[in-house]
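Chemist:
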Amino acid sequence: MDAIVVGAGIAGLTCAHALAQAGKEVLVLEARSRVGGRIYSHMLAPGVVIDLGAQWLGPTQERAYRLAQTVGAALFPTYTEGESLVDFGGQQKRYTGIVPNLGLWNLLDFGRGVSLLDKMAQQVPLEAPWRAPNAEAWDSMTFATWIQQTLRTRVGRWGMRLFAEAVFAAEPGDFSLLHALFYLHSGGGFERLTATRGGAQQDRFVHGAQALAEGLAQRLGAERLKLNSPVRAIRQERDRVRVYCQPHPDAPTSVYEAKVAIVAIPPALAARIEYDPPLPPARDQLTQRLPQGSVIKCFAVYDRPFWREQGLNGFVTSDVEPVHLVFDNSPPDGSVGILLGFIEGRSARQLSGVDPERRREVVLQVLARYFGEKARQPEHYLDHDWSAEVWTRGCYGAHFPPGAWSQYGHALRAPVGRILWAGTETATRWMGYIDGAIESGERAAQEAIEILSVHPDHN
Ligand SMILES: Cc1cc2nc3c(=O)[nH]c(=O)nc-3n(C[C@H](O)[C@H](O)[C@H](O)COP(=O)(O)OP(=O)(O)OC[C@H]3O[C@@H](n4cnc5c(N)ncnc54)[C@H](O)[C@@H]3O)c2cc1C
Numbered sequence: 114m115d116a117i118v119v120g121a122g123i124a125g126l127t128c129a130h131a132l133a134q135a136g137k138e139v140l141v142l143e144a145r146s147r148v149g150g151r152i153y154s155h156m157l158a159p160g161v162v163i164d165l166g167a168q169w170l171g172p173t174q175e176r177a178y179r180l181a182q183t184v185g186a187a188l189f190p191t192y193t194e195g196e197s198l199v200d201f202g203g204q205q206k207r208y209t210g211i212v213p214n215l216g217l218w219n220l221l222d223f224g225r226g227v228s229l230l231d232k233m234a235q236q237v238p239l240e241a242p243w244r245a246p247n248a249e250a251w252d253s254m255t256f257a258t259w260i261q262q263t264l265r266t267r268v269g270r271w272g273m274r275l276f277a278e279a280v281f282a283a284e285p286g287d288f289s290l291l292h293a294l295f296y297l298h299s300g301g302g303f304e305r306l307t308a309t310r311g312g313a314q315q316d317r318f319v320h321g322a323q324a325l326a327e328g329l330a331q332r333l334g335a336e337r338l339k340l341n342s343p344v345r346a347i348r349q350e351r352d353r354v355r356v357y358c359q360p361h362p363d364a365p366t367s368v369y370e371a372k373v374a375i376v377a378i379p380p381a382l383a384a385r386i387e388y389d390p391p392l393p394p395a396r397d398q399l400t401q402r403l404p405q406g407s408v409i410k411c412f413a414v415y416d417r418p419f420w421r422e423q424g425l426n427g428f429v430t431s432d433v434e435p436v437h438l439v440f441d442n443s444p445p446d447g448s449v450g451i452l453l454g455f456i457e458g459r460s461a462r463q464l465s466g467v468d469p470e471r472r473r474e475v476v477l478q479v480l481a482r483y484f485g486e487k488a489r490q491p492e493h494y495l496d497h498d499w500s501a502e503v504w505t506r507g508c509y510g511a512h513f514p515p516g517a518w519s520q521y522g523h524a525l526r527a528p529v530g531r532i533l534w535a536g537t538e539t540a541t542r543w544m545g546y547i548d549g550a551i552e553s554g555e556r557a558a559q560e561a562i563e564i565l566s567v568h569p570d571h572n
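The opening position of the sequence shown corresponds to residue 114 in the working numbering, with each subsequent residue numbered one higher.
(1) Roughly how many angstroms separate the alpha carbons of S566 and N426, rounded to a whole number?
(2) Would you call V439 buried or exposed, if buried means 16 or more other Cβ atoms sit within 10 Å of its Cβ?
(3) Where does Q205 sit, in a helix, a strand or coil, going by DSSP?
(4) Give the straight-line distance between the Cα atoms of T400 and Y178, rounded to the nearest whole angstrom.
(5) Taking the straight line between their C-alpha atoms, what separation do you get for P391 and R353?
(6) Let me check one thing: in DSSP terms, what residues is V199 bridge-paired to?
(7) Please confirm whether V417 and G454 have their CB atoms less than 8 Å apart.
(8) Return the first residue and the last residue of the beta strand (DSSP E) that G156 is part of.
(9) Exposed or buried, which one is A282 when buried takes at least 16 other CB atoms within 10 Å?
(10) In the structure shown, what three-state DSSP assignment does Y192 receive?
(11) Once the 5 residues before and after A187 are set aside, which same chain residues still bring their CB inside 6 Å of it?
(12) How many Å lie between W518 and R402 at the Cα?
(13) If you compare alpha carbons, which of I378, I456, R489 is closest to G545?
(14) Following a CB-centred definition, is G450 positioned closer than 7 Å to any heavy atom of ligand 1?
(15) Identify whether Q478 lies in helix, strand or coil by the three-state DSSP scheme.
(16) Can you list, in chain order, the stretches of the alpha helix (DSSP H) that have 4 or more residues and sit fully within the stretch 452-530?
(17) So which of R332, E336, I386 has the shortest CA-CA distance to P343?
(18) Do three or more CB pairs link the stretch 191-199 to the stretch 308-328 at distances below 8 Å?
(19) Once you ignore the five residues that flank V148 on each side, which residues in its own chain have a CB closer than 6 Å to its CB?
(20) Return the CA-CA distance between S465 and S407, expressed in angstroms with no decimal places.
(21) Kindly identify the DSSP beta-bridge partner or partners of I117.
(22) Out of curiosity, what's the CA-to-CA distance linking A245 and Q559?
(23) In whole angstroms, what is the alpha-carbon distance linking L333 and V237?
(24) Count the other C-beta atoms from every protein chain shown that fall within 10 angstroms of the C-beta of Q405, then say buried if there are 16 or more, exposed otherwise.
(25) Name the residue from L291, H361, E552, G302 whose alpha carbon lies nearest to the alpha carbon of Q520.
(26) Would you decide whether T77 is buried or exposed? Buried here means 16 or more other CB atoms lie within 10 Å of its CB.
(27) Quick check on the burial criterion: 16 or more other C-beta atoms within 10 angstroms. Buried or exposed for P469?
(28) If you compare alpha carbons, which of S431, E434, F419 is closest to N442?
(29) Cα-Cα, which of I117, V118, A124 is closest to T539?
(30) Rounded to the nearest angstrom, what separates H571 and V373 at their Cα positions?
(31) Check whether the Cβ atoms of F79 and D432 sit closer than 8 Å, and answer yes or no.
(32) Name the residue from L220, R473, V467, H437 whose alpha carbon lies nearest to the alpha carbon of V414.
(33) Report the residue from R556, V529, I564 whose alpha carbon sits nearest the alpha carbon of R176.
(34) Can you find a heavy atom of ligand 1 that lies under 7 Å from the Cβ of D389?
(35) If you reduce the DSSP assignment to three classes, tell me which class R165 lands in.
(36) According to DSSP, is E175 part of a helix, a strand, or is it coil?
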């Protein structure tokens, strides 16, 4: 065996597929009973698919669009016709365009903050954020501190908090300013990250995003993929790696050997694998510092998208707990109406583990506030708490708290002997997104091919 890939998310599958294409012998070991990882589509009814995980692609995510085309996954634009709703400070307003008019002074304040961020982000090198001119200062403060120091208005600060929740599923105090800037540069700027039309929320998958992972798995071939195979330990020897899998503590351990191992899982989970010999301190301490965000994705399904009849497009931004962001997530033909509410950051931490009935009640109450009493009575309701997923432990991805990038960033992608690192968290462009996962898988495959070819005598 040339290579073992740990994890059948998009990163691992991309990597394995590239290796197989290059004529290498490869095996993917996946903990779950399915492929896709943070991509997880659920068939609600014939023709109605709900993406419990990733669901959008947007401009400049060329790798992801290419993959969609390769596997024949059709896309359609997110619904944006009509007016959006803002609910802030106890008042609701309808608006069109990207930013609600909450007063000139507020708009100027927020706009100034956004343009400052975009300008600073340009100075952050994507391959090495710690080499930014002000890296040390930017990495020693949280994004929350920067907001406090820079934004003057309550509305402006709320807008930035919403950005933190929507993009990182975390609170502004959880990650450093340098991380916010890196991420902005990685995804192409504030508007690109946050917009629907022209931004990262532009297009959805007609039959669910999981088609990407399933299409890749099919091309890879069933003989190269083992499901229900959580990797517990990796031992490196002079000329090979041994990878130990055990579904649960009472089960027998399966051992696989290869010349290289590619670990394509979130850093927090990579830290739970036992390594022999132990990983270098920088790599281990890096993974001690990269927590996953917190998000619960909530879906209320109605007989029709009734809000459209009121001239609304279903999009809401708000400061009402616990749902600050809502989208119209109906299927392309509008045969049923689906509202998607996000519970993110602190609110997700509070509502994780709460009785599901109680959570349903709280979410529907907020939706009724936004869209009227009919919203309280969906035909179906379901939600998905990603922090409770044992093989993900939080989403959308990892965030870097103060000090992580500047002191440990160099260990993020650096191979450790015959162990290589992939996963969206290791991407330079679109880190945290499907596109970044693909980039990381391609890069790791290239690194593996180099190791396999540069020292053939050691293989
Ligand atoms: C709710 C939600 C919404 C999102 N929305 C979007 C979006 O709209 N657009 C977008 O581009 N991105 C979105 N994302 C992010 C996107 O899903 C991820 O960036 C991408 O799927 C990550 O792929 P990956 O292969 O790097 O990691 P993962 O998908 O996490 O894959 C890792 C795989 O490794 C497996 N694994 C973990 N530990 C082990 C182990 N020890 N042994 C074996 N296998 C293991 C896991 O089961 C998993 O299958 C969203 C994510 C979530 C959760």
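Backbone N, C-alpha and C fix where the C-beta goes; we use that ideal spot for every residue, glycine too. Source: prediction; values computed, not measured.
Modeler: If we stick to the structure as given:
(1) 54 Å
(2) buried
(3) strand
(4) 30 Å
(5) 16 Å
(6) K206, T430
(7) For the sequence presented, residue 417 should be read as Arg rather than Val. For R417 and G454, no; Cβs fall outside 8 Å.
(8) Per the sequence shown, residue 156 should be read as Met rather than Gly. Its beta strand (DSSP E) spans residues 154-158.
(9) buried
(10) coil
(11) V319
(12) 10 Å
(13) I378
(14) no
(15) helix
(16) 459-464, 469-484, 517-521
(17) I386
(18) yes
(19) A121, A326, A330
(20) 9 Å
(21) L140, A374
(22) 27 Å
(23) 36 Å
(24) buried
(25) L291
(26) Beyond the ends of the chain as shown, which are 114 and 572, falls residue 77; an answer cannot be given.
(27) exposed
(28) F419
(29) A124
(30) Low confidence applies here, because H571 scores a pLDDT of 47, under 50, leaving its location unreliable; read the following figure in that light. Roughly 11 Å separates the two Cα atoms.
(31) The structure shown has nothing for residue 79, since the chain only spans 114 to 572.
(32) R473
(33) R556
(34) no
(35) It should be pointed out that residue 165 corresponds to Leu in this sequence rather than to Arg. Reduced to three states, the DSSP call for L165 is coil.
(36) helix
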